[in-house]
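When we follow my numbering, the leftmost residue of the sequence shown carries the number 1, and every step to the right adds one. Where is the CB? At the ideal position from N, CA and C, for every residue including glycine. One structure is given here, and the rest of the page talks about it.
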Amino acid sequence: MTLDEFLEWENRQELRYEFDGVGPVAMTGGTQEHNQIAVNLVSALHQRLRGKACRVLNSDMKIRVAGHIRYPDALVVCNRHPRGTLVYDDPVVVFEVLSPGTAGIDRIVKSQEYLDTPSIQRYAMLEQDFQGAMVLTRQGESWAVAVVKGDATIFLPEIGTELPLSELYEGVDLPDPPA
Numbered sequence: 001m002t003l004d005e006f007l008e009w010e011n012r013q014e015l016r017y018e019f020d021g022v023g024p025v026a027m028t029g030g031t032q033e034h035n036q037i038a039v040n041l042v043s044a045l046h047q048r049l050r051g052k053a054c055r056v057l058n059s060d061m062k063i064r065v066a067g068h069i070r071y072p073d074a075l076v077v078c079n080r081h082p083r084g085t086l087v088y089d090d091p092v093v094v095f096e097v098l099s100p101g102t103a104g105i106d107r108i109v110k111s112q113e114y115l116d117t118p119s120i121q122r123y124a125m126l127e128q129d130f131q132g133a134m135v136l137t138r139q140g141e142s143w144a145v146a147v148v149k150g151d152a153t154i155f156l157p158e159i160g161t162e163l164p165l166s167e168l169y170e171g172v173d174l175p176d177p178p179a
């Protein structure tokens, strides 16, 4: 299946699918914790980007990266797009809330796809079982990796803001940390 064939096919489907370059991959539902983190993330970014050129989009929007289609949990775009845009080619920041079933793809496969997409300057992967994230920042042809946890803050200079982890995990019932 080609990318164009996939996009035409997906428009006729009731469910959402990603395209891995070969064929459709069904999107599964997330946990309550996954959803709460994603809602907090979109809400925090929306408030911070209000009145600025960049804007946050949620997991209903798809992006085209390295010939694949992905639905990140949140993304930030800074260019104007025509009304009715369905696929974004130029996200600046991408966020995924990690799930046990997809964490490997998010960490390995998607990080390479996002690196191969020049507009993406930062990729943040948020854990859902503890307050922490792995943040990849573009440095030329590779990523610089930072781990943030606890009361730390994710800095996003490319969009002129920052996000305290405590705000992203507000209302999320996290398990007790290991002894």
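Pair within 7 Å by beta-carbon distance, residue i and residue j
{"i": "glutamate 170", "j": "asparagine 40", "result": "yes"}
{"i": "valine 42", "j": "alanine 74", "result": "yes"}
{"i": "proline 91", "j": "isoleucine 69", "result": "no"}
{"i": "tyrosine 88", "j": "valine 77", "result": "yes"}
{"i": "threonine 2", "j": "valine 65", "result": "no"}
{"i": "alanine 146", "j": "valine 135", "result": "yes"}
{"i": "phenylalanine 130", "j": "leucine 174", "result": "yes"}
{"i": "glycine 67", "j": "glycine 30", "result": "no"}
One or two residues paired with residue i in a DSSP bridge
{"i": "tryptophan 9", "result": "DSSP, once it has assigned bridges, lists no residue as partnering tryptophan 9."}
{"i": "leucine 3", "result": "None, per the DSSP bridge assignment."}
{"i": "lysine 62", "result": "Val87"}
{"i": "valine 76", "result": "Val56, Val93"}
{"i": "tyrosine 17", "result": "Ala26"}
Where the beta strand (DSSP E) containing residue i begins and where it ends
{"i": "tyrosine 114", "result": "Not the beta strand (DSSP E): tyrosine 114 falls in the alpha helix (DSSP H), residues 110 to 115."}
{"i": "leucine 57", "result": "55 to 58"}
{"i": "arginine 70", "result": "68 to 70"}
{"i": "valine 25", "result": "24 to 26"}
Same chain, Cβ closer than 6 Å to residue i, neighbours up to 5 away in sequence not counted
{"i": "threonine 137", "result": "Arg122, Ala144"}
{"i": "proline 24", "result": "Tyr17"}
{"i": "proline 100", "result": "none"}
{"i": "arginine 12", "result": "none"}
{"i": "isoleucine 105", "result": "none"}
{"i": "glycine 84", "result": "none"}
{"i": "cysteine 54", "result": "Val76, Cys78, Ile159"}
Residues near residue i in its chain [Cβ-Cβ closer than 8 Å; skip 5 each side]
{"i": "valine 93", "result": "Leu75, Val76, Ile120, Gln121, Arg122, Tyr123, Ala124, Leu156, Glu158, Ile159"}
{"i": "glutamate 33", "result": "Gln128, Asp129, Val172, Asp173, Leu174"}
{"i": "serine 59", "result": "Ala38, Tyr71, Pro72, Asp73, Ala74"}
{"i": "leucine 15", "result": "Ala26, Met27"}
{"i": "lysine 149", "result": "Phe130, Gln131, Gly132, Ala133, Leu165"}
{"i": "glutamate 10", "result": "Arg16, Tyr17, Phe19, Pro24, Ile69"}
{"i": "serine 142", "result": "Leu115"}
Same chain only: Cβ atoms within 7 Å of residue i, ignoring 5 sequence neighbours per side
{"i": "isoleucine 37", "result": "Val97, Leu126, Gln128, Leu168, Tyr169, Val172"}
{"i": "leucine 45", "result": "Val56, Ala74, Val76"}
{"i": "tyrosine 114", "result": "Val65, Val94, Ile120, Tyr123"}
Bounding residues of the alpha helix (DSSP H) (the contiguous stretch that carries residue i)
{"i": "arginine 48", "result": "32 to 49"}
Let me know the beta strand (DSSP E) ranges lying completely inside the stretch 78 to 166, each 3 residues or longer, listed in chain order.
-> Those beta strand (DSSP E) runs which fall completely within the stretch 78 to 166 and span 3+ residues are 91 to 97, 122 to 126, 132 to 139, 142 to 149, 153 to 156, 161 to 164.
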